[in-house]
Each structure stands twice: as structure tokens, then as C-alpha cells.
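Chains as they are written, first to last, in the working numbering: chain A, 56 to 531; chain B, 11 to 394. For every residue, glycine included, the Cβ atom is placed at its ideal position computed from N, Cα and C. Source: prediction; values computed, not measured. First up is the structure itself, then whatever we jot down about it.
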Amino acid sequence: MKPETREYRYDWNIWTIMENAALVKDGTDKEYESLLGLIPHFADALDIFIRQGEPGVRFIKLVANYIRACIEAKALGKKTVLTSFSMATPILYAFDLVPICLEAFTIFGTVVLKRGTTEFLDYCCEIGFTETSCSSQRGALGAYLSGLAVRPDMIVCNAPGWCDSNANSYSFAASYLDVPFFQLSYPPEVSGKRARDFHRRDYLDLVAFLEENTGRKLDIDRLRRLVSEAARQDALISEISDLQAIVPNPVPNVFELMVYGARSFASGLEELTALLESMVASCRQNARRKLSGRGTTSESGRGLFCYIDHYTTDARLWAWMDTRNLSHLGSILCRYWYGEAGFVKGYDEGYTYSCATLADMIDSLADMTARMPMVKQIRGPYDAPGMWLEDNLHLARLYQADFVVYFSTVGCRNTWGAVKLLVRDLERMNIPTLLLFVDAFDDRVASWESITDRLEEFLHVRGISCGGPDKASWKA
Amino acid sequence: MIETLRKAARSIGNPSLQAWNEGGGKVLGYPCTFVPEEIIDAAGILPYRLRGITAGTMSIGDAYFGPVICSFPKCILQLAGQGSYGFLDGAVVVNGCDSMRRLHECWRKASEDIPGTLPGFFHYMGVPHKATDYSIEWFKEELGILARSISDHFGTPVTTDSLRRSIRLFNEIRSLLSELDEMRMSETCPVTGSDAASIVLAGFAMPREEYRETLGKVMARLRKSKPVSDGKVRLMVVGSASDDADFVELVESTGAIVVSDCMCFGARSFLKRVDEDADPIEALAERYLGGNLCPRMFGWYKDRLAFVRDRALRSRVDGVILQNIRFCDLHGSENGLLERDLEAEGIPCMRIEREYGPLVETGRIKMRLDAFMERIRTVGGRRS
């Protein structure tokens, strides 16, 4: 690691950037435009959020407040827990813990830092990780393992059963830092009594682990408030997802990132509700005016991302889609299988929230976590009911996708093991599908320029961006 | 006797397997030590651990798996696709790791393009990543489902009595292999590491009663054999699935002798017995999931470190080779922790990433081994 990298603490560094970014719209538009020229390395990443108006500013403020909470936790006598993006944060907040969502911190660093998280990715390899282990954890984990970020008091991970690389990163961190570790494990099936009983027992064990390591009993009233808030939030997220089905899609492309980014660490917090309400209002307004999220009356194509998004460098994926007038229909990351969502009804049993008793809340959280992004789709055979293939076909049809793109990380053994089969099946259904060998968090694998070349070529050859005769013929 | 085992270890087929097949015996393949062989054996079927040795190309494996996947399941798929596993009547795939779990889909899909390459019985079994009362209960149910599926498909019932017989047979084999393990770790190690590897590997591919007889004879001879370890640097090999006796031979060609291991094709496969008095399925679930030393059981690093450290000390090794197959995140990163902790205790370690399969990287690995041996010889091995 370069000596100068050690000069700044990773989390503090990102916090100062976000804290200041949240203030840029406090001045005039002219001041803002002038500022962009002064911050060439942040301008793209900043502007994609700021141009969304109130929701964008709220999002940046939410992120800044969250990171400050992580940094200040110890001074305020709170414990921190390093945890996965697909964990249910209400249970952690109920214990007054501050969750440090590793994948969110990797995205923050990848998007806002000039060199991304390169040195932290490599630091992990220096101390043992394989060079191709998943970058979505390694990116920020390097900072936590090198002592350049808040030291977590415990680790809770819910990846075992659907992602070895993810689970292994948390398990490694627990051994390396010698802190208590708990895993929620997932059997191959999502639903059914057997799976549900397993999830419930696993969750009860988690509660026992948290009680032991926080020295607190679970505050049931607090949990109830958090779960009720999470239910409200998931209803709002479902509305955003459902609005995406409209042509043209009234949801701004980057909202997708804002939804899953914020939900990964703020589910249950009132701040997230306010952000989501502001996002929904913006989408509804576009829908009323029959405008796309980019303010246009039509769209040149509708893209579904069958796995994750791409964050290097400066989050230019969303801006690139905006300039091509393409609609982002979401990825696995923003699909929460909340039972009230339009895309869930009649397709999947989904999850619902009940706050009547503690047992009900535990069941609700266990059901919800079992259907979180990736937890649901890639825990069993890719072509089993309700898994990766079926979900993609369902969503592609419902949202009238013109094309599907696979972005990933090099370390994603689980999806790389089946993605060729998925692509083949989707193509057989006449859904143009692009498989990209890139790394969402590490542009040394493929530069953004080379990626856009591939995307442009794909859209051109398949007649999507130019509205050719074979456009979306499968939909007929 | 040992020549029979050497041949069985270095090839996919072997004469005993062939004779079993020709006599109408069924064979069921499995890729991972989380599958209880006893259940397959109890149905009168030969349990055969799938391997990828002898795969000379990856033309089929790469067509279905992605590019950044462990070459072990890819090689298995390659062999299946090219018909080398034509003798299989069935296969059980488990989520031992993310690369291995996808063998299930890749094999099924490959068979659509290359008909006849999927065995008639094809089963997926979910294995939890933790050993708690409820996860062992889940695993027990999975074993029950497996037993019933085998019984229904092959028409040969898996009964409590047949399970008990199989458990006794496999425990006898484990006892013999544990004795071999103790012999190897002693000062008067009577067998090279490559021969020891062959002895263990053959046990995954031969009819087990015949294997037990052969193993018994080999052990009788080894009990009287002279030491072969004198003057050699004593090493232990740890890490990813390694079923290549040639790899061990390469290590030993540098003037070392491999006297101990911690691998799923080695000691990890036979050290723990199954309780013969308990309910058979329950006992199998306890044995195969509880205390399993594979790093896919997240959160048990300290237990694994203790196991490796204990074996390293008991076998008086001068150094430990921590190897992992490329793209094996589980063993790869755990090897980093083991290196840190064993070196801190004065046990020299060499960490190496390699490809599975034929020794295509012999030169590179040899160079690393030579450097490690030089370190041990110059600086000294494990500090007492």
C-alpha cells in the first residue's frame, strides 16, 4: 500500500467527501456549475445524483449521515457490526448497533475516490485473499483489515448458501481481526415449511448471538418501530419497481442505485422513508406527464441487468444510459420480493411484515432475508423454480426489456458457474443478452471505455438502439 | 499389492471397478466428502469419488462453466462430456463450494448437447454451512431423501441393517487408514507420501470390500517395512482438493518426504469415525457435517488451525505446503491465515496457487519447492 494511502482513514475520507457533496446545492445553480469544473474527479459521480433534485441531495445526505454514524459509533458508546448488503438492518438497529455494510462502503470508495479502492483490493491479497476473490467485499475490507477504518466489534454475515466468496470474506475478517462471527446459512430452497423452519431457527440463533455480544436484551418495541418503518419503505420501493413497467419508464436510471444503496444500510430508519417518499413523488410526476426518468417522451431501449451494476469509474453507467436515452429496469440488487409488489403478485409468495408479536417479527425478518437480492436467486440450481433464470424471464417480460446485460465481479464463482447457461437460455427465448467479462469494482480488469464499446456494439448489432426490425421480437 | 492401488489412484477406471461393472454392479459418483459413501454402499452400489485427473483438454468444461471457475469441477465435466464416466449409473452433486455446486447445472446442460453423458440417476443435495442442532437436522433429512431416492431409483432398499453393515465396513477402512496416518507421522515413516496418497486415493474408486482386503495386506507389509524418511525434510501438505499423487511425487523429488496432510482427498476423509451404536442416518449426519474441516464451514478457522498445528507438531514436520487450486477462495484465503499463524509459531510455510489436473506447471512449482527447501535447509525447519 502506498504510504500516502495510509495518511487518510478510508471511512473518514469518504465521509468528508459526502458531507461536502451534500452541501453543494445549498448555493446557487451558477455556483454549483462553477464547482463542477473545480472537482474533475468527483464531478461525474456528484452530478448524476445532484441532477435528480431533492431525492439526489437527500440520498447524499443520508449516506453522509450514515458514514458519520459509523465513524462516531465508538465515541457515542455504540458497537459496530460488519455486515452484508443483504442483511436485515432492523434487527441490528434494534440492538442499537451501527451496521457497517461492507459492499456499500466498497461502492462509496469505487464511485468517489480517484483511484477507486485499488490499493485496498490489493492489500487483501497481500494478507491472504486470492487475487480473484470478490472485489465487492475486498474493496473496502482492505481498509478495515489494515486499520484504516473503524474496527468492527462483531461480524454478521448472511451469505453462506448463496455466495462462498462473500461469506469467506466476512469469515476471514473475523479470524483476522479476532472478533465474534455469526452466519445466517441458506438451504437451496427459498420456500416451504422446511426452509422456513430453518430460517426461523437461524434467526433466533442470531438474536441470541446479538444479545450475547451487545450485552442487551432485544428491545421489542424498538424492533416493532423499525420493522413497521421497513414495511412502509418496502411498499414505497415496490411502487418504484412497479412504475418501471410503464413505457417510457418514469423512474430515473440512478434511482435504482439509490434504492438498493440506501436500503442496504438504512432499512428501518426514518431518513430512508423520507428519501423514498421523495423518489416516489418524482417518479409519479414523470408518470403523470408521460415522461421517462430522463425527461424524454420516448426511450431508445429498455435494459434489464440480470445481476449487478457497474461502478467504475465515477459511476458512469447511469450517465451513459441517460445520454443514450436507455432505461435501466433494475438488477437483482433492487428486487425485494415484498409480497405487495406488482411484480411479485401471482408469481412468488413474497414476504410480508407482521409486527403483532416477537415471533411474527422474527418470522417476517427471516422470510424477508431469505428473499433478499442474490439470496433468493442464486442459492439453488439456476433453472429451479423462482431462481435466476425464471426471475429474469419473468422480469424481462413484465418490464418489456429489450435486452439483458450481465455485469459482475471476477470473483463471483456462483454466477460465473452458470451464466453461460443463463445467457444461452435467454437468447433461445430471443432476449438479446450480453455477457461482459468485467469487474464492477476494479477497472483494471476492463476499462469503462472498453465496456462502453462492447455495449454500443451489442446494441447496434442487435438493432436495439436504432430500433431495428428485430427489436424485441420475442415479446410478440 | 501397492501397485494395484497406485494404478487405481492414477486413472479414472481400474480393473476392480471394471470387474464390478462387468458383473452388473452399479456405480454412483460423488464429488465431495460431504456425501456419505455408506448410504450408497448400503444400496449395494459402489460409491465412486469423481475426479478430473487425465483430462487433457478443457474444451467441454469451458463451454459450460465460466472462465474464473476452479478447474476441478471443470475437469470432471470434461471427462463426463467425453464419455470417460460412461460407467456411472448415477451421480450426487452437492454445494461443497460454489464452483462445485454448478457442476449440477453444467452437467445437465452439457448432456442436452452431448446425449448420453448424464447418468440415469442425478441428485442434488444441499449441505448447510454450519453445524448446529437444526442444520444437522436439515442435513439428516437430506440424507434421508438421498437414501430414499437411491432406493426408489435402483430398487435396492437402503435399510437400517444395510447401513449399519456399511458403516462398520467404512469404519474398518478408516481404522486402517488412520494407522497408516500414524505410521507416516512417526519418526520411522515406512512409506513415501506419493504411495500414501495412492493408497488413500484408490479407496475412493475400488469396490470397498476388495479395497479393505488389499489395504489390510498393504498395511501388514508396511508394519514390517523399514523407514524411508531418514535424512529427508519432513513436510505436510494442506489445502484444496488434491488427488494427484504426481504432485506429491514432485514435492518429494526435492529431497523431502510428505508425512502428513490436511486435505479432503487425504486425512480429512478418514480420521473421523461414524458412531456404530446410534441411529445410522443420525450418526452419518453428525459425522459428515459436524466437525467437518473444510473451510466452506464458515467460522471454524480456530478449530482448523488447531487441527493443522497439532498434526504438524505430532508429525515433526520441517515445513508446511499450503496449496490451493486457482480460484479456490476458501482454501486460498484460509492458507493466508494459516501461513500467518503457523509462521508465528516457527513453522515454515510455503503458500502456492496451482491449477488442478496434469502437472502443467511443474517447472514453476518445482522452482518454488526448491526455494522452500533451500530456506528450510539454510535457516532450519520448524523451531522446537
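Supposed close pair Gln333 of chain B, Arg364 of chain B - CB separation, criterion 8 Å: 6 Å
As assigned by DSSP and simplified to three states, the class of Pro58 of chain A: helix
Boundaries of the alpha helix (DSSP H) in which Leu232 of chain B is found, first to last residue: Arg218 to Lys234
Nearest to His365 of chain A (by Cα), restricted to the options A:Gln340, A:Asp494, A:Gln192 and A:Gly82: A:Asp494
6 Å Cβ shell around Arg52 of chain B - same chain, five flanking residues per side excluded: Sequence check: residue 52 of chain B is Ala here, not Arg. Around Ala52 of chain B: Val168, Ser172, Leu173 and Ser176.
Whole-number beta carbon distance between Arg16 of chain B and Ser235 of chain B, since they are thought to touch under 8 Å: Incorrect: roughly 16 Å between the Cβ atoms, too far for contact.
Contact set between the segment 29–47 of chain B and chain A, restricted to residues whose Cβ is under 8 Å from the partner: none
Alpha-carbon to alpha-carbon, Arg452 of chain A and Phe44 of chain B: 39 Å
Among A:Arg479, A:Leu147, A:Leu101 and A:Leu490, the one whose alpha carbon lies nearest that of Leu5 of chain A: Not covered by the structure: residue 5 of chain A. The range shown for chain A is 56 to 531.
Selection of the segment 229–250 of chain A by Cβ proximity to chain B, strictly under 8 Å: Ala229, Ser230, Tyr231, Phe236, Phe237, Gln238, Ser240, Pro242, Pro243, Glu244 and Arg249
Burial state of Ala414 of chain A, where buried means 16 or more other Cβ atoms lie within 10 Å: exposed
Lys133 of chain A to Arg111 of chain B span [Cα, whole Å]: 40 Å
For Pro57 of chain B, the residue or residues it bridges with in DSSP: B:Leu38
Test: Ser394 of chain B CB closer than 8 Å to a CB of chain A: The predicted position of Ser394 of chain B is uncertain, since its pLDDT is 49 and thus under 50; no value can be drawn from it.
Ala90 of chain B versus Lys129 of chain A: straight-line alpha-carbon distance, rounded: 56 Å
Interface flag, Lys530 of chain A vs chain B, CB-CB below 8 Å: Confidence is the limiting factor: at Lys530 of chain A the pLDDT is only 47, short of 50, which leaves the residue's position unreliable, though a coordinate-based value still follows. Chain B contact via Cβ: absent.
Buried or exposed (CB count within 10 angstroms, at least 16 for buried), Met142 of chain A: buried
Limits of the beta strand (DSSP E) - the one that Thr488 of chain A falls within: Thr488 to Leu490
Residue-level contact to chain A via CB, Trp117 of chain B, 8 Å cutoff: no
Minimum C-alpha distance to Lys376 of chain B - residue among B:Val258, B:Tyr134 and B:Pro46: B:Val258
Chain-order list of residues whose beta-carbon lies under 6 Å from that of Pro235 of chain A (same chain, five-residue window excluded): Met209 and Asn268
Where the beta strand (DSSP E) containing Phe532 of chain A begins and where it ends: Missing from the structure shown is residue 532 of chain A; chain A here goes from 56 to 531 and no further.
First and last residue of the uninterrupted beta strand (DSSP E) at Ser145 of chain B: No beta strand (DSSP E) contains Ser145 of chain B, which is instead part of the alpha helix (DSSP H) from Asp143 to Phe164.
At least 3 beta-carbon pairs within less than 8 Å: the segment 400–416 of chain A vs the segment 327–347 of chain A: no
For Ser319 of chain A, the three-state DSSP class (helix, strand or coil): helix
Any chain A beta carbon closer than 8 Å to Pro138 of chain B: yes
Contacts that Thr187 of chain A makes with chain B (C-beta to C-beta distance below 7 Å): Val78 and Phe337
9 Å Cβ cut-off: residues of chain A touching Tyr366 of chain B: Under the 9 Å cutoff, chain A gives no residues; its nearest Cβ is about 14 Å from Tyr366 of chain B.
Residue span of the alpha helix (DSSP H) that contains Met209 of chain A, given as start and end: Segment Met209 to Cys212 is the beta strand (DSSP E) holding Met209 of chain A; no alpha helix (DSSP H) there.
Between the CA atoms of Met484 of chain A and Gly397 of chain B - distance to the nearest angstrom: Because chain B here runs from 11 to 394, residue 397 of chain B falls outside it and cannot be looked at.
Residue nearest to Arg279 of chain A in terms of C-alpha spacing, selected from A:Cys156, A:Glu354, A:Ile486 and A:Asp418: A:Asp418
Spatial distance of Phe149 of chain B from Pro215 of chain A (CA atoms): 15 Å
Listed by chain order, chain A residues near Gly309 of chain B by CB distance under 8 Å: Ser226, Ala229, Phe236, Phe237 and Gln238
Simplified DSSP assignment, three categories, for Ala495 of chain A: coil
Buried/exposed call for Thr202 of chain B, threshold 16 Cβ in 10 Å: buried
Cutoff 8 Å: Arg256 of chain A Cβ touching any chain B Cβ: yes
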